[in-house]
Amino acid sequence: MDQVKDSRAICNNKGFVNGYAVGWNNIPFKDCTINTSFFKKKSWNHYMWMNNEFIFNFAIVDVGYAAIIYSDFYEVNGKKRVNKICRYLFNKSIMIDDKINSYAYYKGKHKFINVLRNSNNLNIDFKWDNIDITSSIYLDYESLNVLIPWDYNYFHYTSKHMNLKTYGILRIGSNMYDLNKSTCFIDYGRGIWKRTCEWDWLISGFVDDNNDYISVNLGAKYTDGTGLNENSIKINDRIYKLKSDVKFYYNKENQVINIKSLKSDEVNLEFKPILNHTKVNNIIIFKSKLKQIIGYINGDIKHKNKKVDFKNTIGWCENHFAKW
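According to numbering that gives the first Met the number 0, the sequence shown is numbered sequentially starting from 0.
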């Protein structure tokens with residue numbers, strides 16, 4: 000999969016996919032506006048903070064005829080867990096800018112979200128009942144950006160920002176957590192989706208024995224058969240695209256997930272779950288099941304002449320199915 004030369008717009012004025020932009024780039028596409036197919040248009044911003052002690056995330060999702068906001072906190076080796084979700088049918092009170100690394104806003108009962116761009120930083124204020132996070136995220140120049148078409152009418156643009164430096168404070172009730180020791184991940188989605196979809200997704204970040212900052216993003220199912228994928232590894236501030244598609248093999252007996260490249264030995268990982276949570280949505284014509292899994296990763300990824308080893312590395316995995 001070659002790096003694209005035209006990363007200006009994901010679709011044309013008629014709402015069809017921009018064929019010249021199909022593929023991947025290491026900088027965000029400049030124009031992610033979709034002015035047609037409003038009920039089929041899906042947009043989301045997903046923010047996550049991860050370290051060896053806890054994982055916190057929240058997402059703002061617009062599926063055209065409904066809006067969803069959810070947030071999750073997990074202590075990796077503890078018992079504390081907080082899961083929240085709200086659904087709004089035909090509610091456009093959430094604001095998600097079409098541009099990547101731009102603003103998002105929502106204000107409602109006991110909830111407040113404000114994401115603003117300031118130069119090379121995203122400043123985030125998020126409050127929901129007993130959850131309160133104030134964070135600033137430094138944006139790297141390189142990120143993973145892929146435009147994936149199923150045909151001219153249906154396509155998805157994903158922009159993944161990995162292993163970002165961050166600082167701030169997270170409060171969960173009376174407990175306070177320092178974000179300076181965390182790494183941040185941001186997932187932006189913009190597209191026109193078919194009625195049924197499914198995906199697997201894995202992300203992780205750590206510092207290796209050479210003091211290199213390593214992060215990985217692997218995805219499957221929704222890209223199958225397109226000739227494209229979102230598989231990549233980030234070493235320090237550089238994004239490297241992985242060529243091979245991957246598959247997530249679920250072992251029902253021991254719950255282990257093996258993630259392997261289909262046509263090479265690029266990816267050979269074992270994901271051992273320690274925590275999981277399932278979110279179910281059933282809003283008239285919108286049905287979905289999102290399984291979040293936290294666990295430890297072992298194995299390796301090979302890229303060119305470099306082998307990256309994963310040794311009990313904390314990671315996040317998702318399995319998502321939707322009719323939307």
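The C-beta atom is built at its ideal place from N, Cα and C for all residues, glycine as well.
The model shown is predicted, which means the values in this text are computed figures rather than measured ones.
Item	Value
Per DSSP, what kind of secondary structure is K259 in: helix, strand or coil?	strand
Please list the terminal residues of the continuous beta strand (DSSP E) segment that includes W23.	G22 to N24
Using 8 Å as the threshold, is the segment 196 to 212 in touch with the segment 111 to 126, meaning 3 or more CB pairs across them?	no
Does the distance from the CB of V245 to the CB of V279 come in under 9 Å?	no
Thinking H276 and D71 are a contact (beta carbons under 8 Å), I'd like their distance in whole angstroms, please.	7 Å
Quick check: the Cα distance between W48 and S42, rounded to an integer number of angstroms?	21 Å
DSSP on L178, reduced to helix/strand/coil?	helix
Decide if the segment 190 to 197 is in contact with the segment 131 to 141; the criterion is three or more beta carbon pairs, one per stretch, under 8 Å apart.	no
Return the first residue and the last residue of the beta strand (DSSP E) that A65 is part of.	A65 to E74
Indicate whether the contact test is met: 3 or more Cβ pairs, each with one atom in the segment 173 to 185 and one in the segment 304 to 311, closer than 8 Å.	no
What would DSSP say about G77, mapped onto helix, strand or coil?	coil
Within 8 Å, do at least three Cβ pairs link the segment 165 to 181 to the segment 283 to 294?	no
What separation, rounded to the nearest whole angstrom, lies between the Cα atoms of K24 and H45?	Looking at the sequence provided, one finds Asn at residue 24 rather than Lys. Computed Cα separation, rounded: 20 Å.
Could you pull out every unbroken alpha helix (DSSP H) segment of at least 4 residues lying fully inside the segment 83 to 132, listed in chain order?	none
Report yes or no: is there a C-beta of chain C within less than 9 Å of the C-beta of I112?	Judged by its chain identifiers, the structure shown contains no chain C, having just a single protein chain.
Excluding sequence positions up to five away, which residues of its chain have a Cβ less than 7 Å from the Cβ of Y249?	I256
For a test of the three-state rule: what should DSSP assign to G18, helix, strand or coil?	helix
With a cut-off of 8 Å on the beta carbons, I'd call P148 and V21 a contact; round off their distance for me.	6 Å
Just to confirm before moving on: does the CB-CB distance between N56 and S181 stay below 9 Å?	no
The beta strand (DSSP E) spanning K159 covers which residue range?	F154 to I171
Should I84 and I293 be called a contact, given that it needs their Cβ atoms to be closer than 9 Å?	no
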